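Asks:
Number of protein chains: 2
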Amino acid sequence: MSFCIACGAAGQHLIPPGDNLPRLVCPRCGHIHYENPRMVVGCVAEWEGRILLCRRAIAPRLGYWTLPAGFMENGESAAAAARRETQEEAGALVRIDAPFAMVSIAHINQIHFFYRGQLTTPDYAAGEESLEVALFHPDTIPWDDLSFRSVRYCLEAYLRDKPQGRFGFHEHELPPLTG
Amino acid sequence: MSFCIACGAAGQHLIPPGDNLPRLVCPRCGHIHYENPRMVVGCVAEWEGRILLCRRAIAPRLGYWTLPAGFMENGESAAAAARRETQEEAGALVRIDAPFAMVSIAHINQIHFFYRGQLTTPDYAAGEESLEVALFHPDTIPWDDLSFRSVRYCLEAYLRDKPQGRFGFHEHELPPLTG
Chain A
2 MSFCIACGAA GQHLIPPGDN LPRLVCPRCG HIHYENPRMV VGCVAEWEGR ILLCRRAIAP
62 RLGYWTLPAG FMENGESAAA AARRETQEEA GALVRIDAPF AMVSIAHINQ IHFFYRGQLT
122 TPDYAAGEES LEVALFHPDT IPWDDLSFRS VRYCLEAYLR DKPQGRFGFH EHELPPLTG
Chain B
2 MSFCIACGAA GQHLIPPGDN LPRLVCPRCG HIHYENPRMV VGCVAEWEGR ILLCRRAIAP
62 RLGYWTLPAG FMENGESAAA AARRETQEEA GALVRIDAPF AMVSIAHINQ IHFFYRGQLT
122 TPDYAAGEES LEVALFHPDT IPWDDLSFRS VRYCLEAYLR DKPQGRFGFH EHELPPLTG
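Which chain is which? The protein sequence lines are A and B, in order. Numbered per my numbering, the first sequence spans residues 2 to 180. Numbered per my numbering, the second sequence spans residues 2 to 180.
1) How many angstroms separate the CA atom of residue 186 (chain B) from the CA atom of residue 33 (chain B)?
2) From the beta carbon of residue 79 (chain B), is the nearest beta carbon of chain A less than 7 Å away?
3) Mind pulling the chain B residues with CB within less than 9 Å of residue 112 (chain A)?
4) For residue 100 (chain A), which option in A:11, A:159, A:8 has the closest C-alpha, if you only look at C-alpha atoms?
5) Work out the CA separation of residue 146 (chain A) and residue 37 (chain A) for me, nearest whole Å.
6) So is residue 17 (chain A) in contact with chain B if we call contact Cβ pairs under 7 Å?
7) What would DSSP say about residue 87 (chain A), mapped onto helix, strand or coil?
8) Would you mind working out which of B:128, B:135, B:167, B:144 sits nearest residue 21 (chain A), comparing C-alpha positions?
9) Taking the C-alpha atoms as reference points, what is the distance between residue 170 (chain A) and residue 12 (chain A)?
10) Which stretch, first to last residue, makes up the alpha helix (DSSP H) that contains residue 162 (chain B)?
11) Just checking my contact of residue 116 (chain B) with residue 91 (chain B) at CB under 8 Å: how many whole Å lie between their CB atoms?
12) Quick check on DSSP: helix, strand or coil for residue 100 (chain A)?
13) Thinking just about the alpha-carbon of each residue, which of A:125, A:50, A:106, A:98 is nearest to the one in residue 76 (chain B)?
14) Using a Cβ-Cβ cut-off of 7 Å, state whether residue 139 (chain A) counts as contacting chain B.
15) Around the Cβ of residue 3 (chain A), are there at least 16 other Cβ atoms within 10 angstroms (buried) or fewer (exposed)?
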């Protein structure tokens, strides 16, 4: 990744004046290209006490169960991204209640952010990125077949809070997987 | 902004197969360039009941007071970004206590995320991006000279929560300014 997005010239990795990190800088037009972490936004959506999960039809973690979530797009709010992803991946309409959890995953430059909410109807259907979609009772969550550590963290926190009738906002940092 | 960052060819704005939004796609090497919202991360840092603010030395809103905050960088967690920005802009060391507020600003493709925390010492000094730094009692906050609506939202929520001795997590969406 080393060409200027503004003019196409070969870029240079150097620290711009007044900055303290190397950026992709264009020697021809001066454009500075910044790379920043991306937000993956999703939600824990319930229907009558059961939680909506999607089985992934795409890599990574194809075949594993996940919360509906995906990259937030320019021009939308975080809550709008969660509603959109729930509709795209699970064919379901969710009413967002509140922010619930945020997981920083520094080594892959991502923030995973989850809301909690309620399905507005019990209708759902696998979208293009899902093999299947289902509602799970808390005691049937497929813990051994979850897609990502952030999803596990979020579901565990959710099921700890739920019996208390009061939800907090939870934050976590995930290190690289080892061994 | 229309050249391929991977090979320098002129890119095309089109919807890639399996996608539903136009992206900058390279007709030569096939690279797809995604643009996503950026996170601005900062904190409300207290010392003995006073709140740390910085007066901006850079555009936009040069000369106005702000919470220490800035663009989160690749390779760091959100809390690490808040600590780094507090050190860079205010020359101060902060112990992060908890996430406090998130503001979606869809029309500028940003999320503003604020923690709350405590300065570990009463030392501070204006960094390169600050004209001055000061601690403000809640009743001396310069409300008419704040930098951004997200900063005002965060400070108002903070000062509402504080007398109750219990802080929540607050979320807000900001529409474009009109008039």
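The C-beta atom is built at its ideal place from N, Cα and C for all residues, glycine as well. Nothing here was measured: the structure is a model prediction, and the numbers come from that model.
Replies: On the basis of the data shown:
1) Only positions 2 to 180 of chain B appear in this structure, which leaves residue 186 (chain B) out of reach.
2) As a first step, residue 79 (chain B) must be located in the second sequence, where it is residue number 78. Yes - at least one Cβ of chain A is within 7 Å of the one on residue 79 (chain B).
3) Within the first sequence, the letter at position 111 stands for residue 112 (chain A). Under the 9 Å cutoff, chain B gives 40, 73, 78, 79, 112, 114.
4) Against the first sequence, residue 100 (chain A) aligns to sequence position 99. That would be A:159, whose Cα lies nearest to the Cα of residue 100 (chain A).
5) The residue given as residue 37 (chain A) occupies position 36 in the first sequence. The residue given as residue 146 (chain A) occupies position 145 in the first sequence. Roughly 30 Å separates the two Cα atoms.
6) Mapped onto the first sequence, residue 17 (chain A) falls at position 16. Not closer than 7 Å to any Cβ of chain B, the Cβ of residue 17 (chain A) fails to qualify, so no.
7) Your numbering for residue 87 (chain A) matches position 86 in the first sequence. Three-state result, residue 87 (chain A): helix.
8) As a working mapping, residue 21 (chain A) is identified with position 20 in the first sequence. Among B:128, B:135, B:167, B:144, the Cα nearest to that of residue 21 (chain A) is on B:128.
9) In the first sequence, residue 170 (chain A) corresponds to position 169, counting from 1. In the first sequence, residue 12 (chain A) corresponds to position 11, counting from 1. Residue 170 (chain A) and residue 12 (chain A) have their C-alpha atoms roughly 42 Å apart.
10) Start at 1 with the first residue of the second sequence, and residue 162 (chain B) comes out as number 161. It spans 150-162 - the alpha helix (DSSP H) in which residue 162 (chain B) sits, taken as one unbroken run.
11) Start at 1 with the first residue of the second sequence, and residue 116 (chain B) comes out as number 115. Start at 1 with the first residue of the second sequence, and residue 91 (chain B) comes out as number 90. The C-beta distance from residue 116 (chain B) to residue 91 (chain B) rounds to 14 Å, too long to fall under 8 Å, and the pair is not in contact.
12) Position 99 of the first sequence holds residue 100 (chain A). In the structure shown, residue 100 (chain A) sits in a strand (DSSP, three-state: E or B).
13) As a first step, residue 76 (chain B) is located in the second sequence; it is residue number 75 there, counting from the start. Measuring from the Cα of residue 76 (chain B), the nearest candidate turns out to be A:106.
14) Position 138 of the first sequence, counted from the first residue, corresponds to residue 139 (chain A). Not closer than 7 Å to any Cβ of chain B, the Cβ of residue 139 (chain A) fails to qualify, so no.
15) The sequence position of residue 3 (chain A) within the first sequence is 2, counting from 1. That one is exposed.
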